[in-house]
Ligand SMILES: Cc1cc2nc3c(=O)[nH]c(=O)nc-3n(C[C@H](O)[C@H](O)[C@H](O)COP(=O)(O)O)c2cc1C
Ligand code: SF4
Ligand code: FES
Ligand code: FES
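Chains as they are written, first to last, in the numbering used here: chain F, 1 to 515; chain X, 516 to 678.
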């Protein structure tokens, strides 16, 4: 009988040699006369173990990782394919690994288990159960289910998804759109990428349900150009969905229509901001639009448009399958459901951790992350992307909850957690926050466009010891001007990481890192 | 990455005609042209403008807004180094210094031999296994300076094999 061997196909596994390993495994099996079926599965999101090779056994899937090209021969010599566990890289049954076992995977329930491009795999693992329900519901019933779930946008602003959908449903219009924001520009985040590379049908299903809910028959996925593998996988999956009647003008014989297309961005962080994204989709420079009007009312090509993050849309199939209440049963306060946290940067066990809201940040970094990769003491953590605060140790008790983060003047955002050890110079980090804004500002407002350039200069002067007290005051004023005078969060939130450094690491900003 | 310098104006027109009826077609057109030629030469701008009923200024404005679009030729390989925070925490600042020193170029420049163009990038979504770089469409993780040299070596080798 053919032995099933799994080699992940996501960006991270491939960035560490998974393709070459897959080829070597095929060749080695052939030369040894061993009958194997090699599956390119998604990633489990346990990135420190990638490439994580799995073998199907009677007891479950047995894992080996991190595998390098040099290990392939010894894996075979030690009969890994027969479920032998003595190889030094054996990590036991994958589903028993505490990092995975202790998660609450609602959205990522299939990630790493299935072949992302196999529709059959998707169907065998609860796929399209939500759509089957949605097809016999009214738009209002679908929207109500999403409201019940308490889902809030996972792109950063945490706006209730059901309310956004209600606005689009209530706005009359022949033509409406569903736009998926797959620009995932925040450093330290990769959950959207994992959805698209490891379970693309889930996103397609979520968008289709959104279309049914609000009466939109066209969807676009605005994907950043930095994700070539996601681009390829999404296009393939969409093609299959069309062939099998899950997209097109008669979805599952329902006479209902939903078309879907991927559009590539072109290397602009600001195009993650929803109105800039819409301009970009319309073929223009990605300039931010003033709100109101809301995109829900005047959106893409002036039509009512749902703009949602990948993770928001990816949560929908579960909600429509198991019910909004089942989702809302997870979480704390006004943060309902689960949050896919991404442990990144200088972390020993980096990867994706999906858990109900309410877990403290330090528990994530210790129990899951296991501290820094370098082994040096952890010094600061940037949560929520480049516009998020740097948290010092005194804030690591904060729980994963939108309101808890706001009350610390911090940002949960898209759930990226970037860890820094004590070799970081926090002055550099404050400077970079301003520098990033100079690079990525859309240029529409002066406080953002010019203010960020001035910010870099002022920080340089402080660090050079030039009239440090005056310049410190100047930097504070500048931050306030950016907060008050910017049209969008690019300009108004860039001061957040800067101010967190000013507040918690002032000496380092003034004098540089002391050994 | 093909930047042979040999491209036909008719093919450019065909690309535009194939895509221009899409709603908001300009970005897809620019992507396709850049994919074909390797960059978007200034003398293609009037053709795009003409076919799509836009002004040259509009087309030029869009090209210049997006970091991904280039109006000048690049080397045979585009090497992008991630400069964003998660990669900073594991040493990308040292990596970028190393890259600039060993290749003897700065960002947005091409080696004298015409093989490698160096570009900055802000996150490749590979943030738990940085420092990350992208060479054409391949992303590489945990790129130490030594690994970087190895990868550049591979690049050179592939070029030599290709003649
Ligand atoms: C500068 C900036 C960048 C943003 N980048 C992203 C992004 O990459 N992905 C995303 O989903 N939302 C991003 N957002 C938030 C979007 O504007 C918007 O709130 C979101 O797409 C709405 O979807 P949601 O309600 O599902 O979160 C960004 C916002 C700003 C101000
Ligand atoms: S704050 Fe910056 S990015 Fe936002 S609209 Fe103004 S200039 Fe553009
Ligand atoms: S720099 Fe010339 S071959 Fe690489
Ligand atoms: S920060 Fe470098 S890959 Fe994300």
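Every residue, glycine too, gets a C-beta built ideally from N, C-alpha and C.
These figures come from a predicted structure and were not determined experimentally.
- In the structure shown, residue 579 of chain X adopts helical secondary structure according to DSSP, grouped into three states.
- The continuous alpha helix (DSSP H) containing residue 232 of chain F extends over residues 228-243.
- Under the Cβ distance rule, residue 63 of chain F does not count among the residues neighbouring chain X, no pair being separated by less than 8 Å.
- Counting C-beta pairs closer than 8 Å gives three or more between the region 86-96 of chain F and the region 51-62 of chain F, which meets the contact rule.
- Assignment of residue 59 of chain F by DSSP, reduced to helix, strand and coil, places it in the coil class.
- Chain X places no beta carbon closer than 8 Å to that of residue 504 of chain F, leaving this residue out of the contacts.
- Annotation: the continuous beta strand (DSSP E) that includes residue 382 of chain F extends over 378-383.
- DSSP places residue 177 of chain F outside any alpha helix (DSSP H); the residue lies instead in the beta strand (DSSP E), whose first and last residues are 177-182.
- Using a CB distance cut-off of 8 Å, residue 268 of chain F counts as an interface residue toward chain X.
- Going by DSSP, residue 78 of chain F is part of no beta strand (DSSP E) at all; its letter is neither H nor E.
- Residue pairing by DSSP puts residue 92 of chain F in a beta bridge opposite F/63.
- Under the 10 Å beta carbon count, residue 604 of chain X is surrounded by 16 or more other beta carbons and is classified as buried.
- For residue 190 of chain F, the C-beta contacts it makes with chain X under 8 Å involve 640, 641, 642 and 643, in order along the chain.
- Nearest to residue 168 of chain F by C-alpha distance, out of F/238, F/44 and F/295, is F/295.
- Counting only the Cα atoms, residue 601 of chain X lies some 37 Å from residue 143 of chain F.
- The residue among F/203, F/172 and F/171 with its C-alpha nearest the C-alpha of residue 181 of chain F is F/203.
- The contact set of residue 583 of chain X on chain F, defined by CB atoms closer than 7 Å, consists of 225, 266 and 267 in chain order.
- In the DSSP secondary-structure assignment, residue 335 of chain F is bridged to F/332.
- Contact note: residue 382 of chain F reaches chain X through 600, using a C-beta cutoff of 7 Å and chain order.
- Contacts with chain X at 8 Å (Cβ-Cβ) include residue 11 of chain F.
- Beta-bridge analysis with DSSP links residue 597 of chain X to X/636.
- If you look at residue 220 of chain F, you'll find it in the beta strand (DSSP E) that goes 218-223.
- Note: residue 419 of chain F is bridge-paired with F/345 and F/381 in the DSSP secondary-structure output.
- Taking a Cβ-Cβ cut-off of 8 Å, the neighbours of residue 418 of chain F in chain X comprise 600, 601, 604 and 642, given in sequence order.
- In the three-state reduction of the DSSP assignment, residue 146 of chain F falls in the helix class.
- Taking 9 Å as the Cβ-Cβ cut-off, the region 526-537 of chain X approaches chain F at 537, given in chain order.
- Annotated three-state conformation of residue 613 of chain X is helix, per DSSP.
- For residue 647 of chain X, the CB falls within less than 7 Å of some heavy atom of ligand 4.
- Residue pairing of residue 37 of chain F in beta bridges, as defined by DSSP: F/4.
- Against chain F, a Cβ distance below 8 Å from residue 540 of chain X picks out 283.
- C-alpha of residue 116 of chain F to C-alpha of residue 137 of chain F: approximately 28 Å in a straight line.
- Residue burial annotation: residue 159 of chain F is exposed, with fewer than 16 other C-beta atoms found within 10 angstroms of its C-beta.
- Residue state for residue 102 of chain F is assigned as coil, using DSSP reduced to three classes.
- Taking each of F/362, F/211 and F/473 in turn and checking the Cα distance to residue 164 of chain F, the smallest one comes out for F/211.
- When DSSP states are grouped into helix, strand and coil, residue 248 of chain F belongs to the strand group.
- Between residue 429 of chain F and residue 109 of chain F, the alpha-carbon positions lie close to 35 Å from each other.
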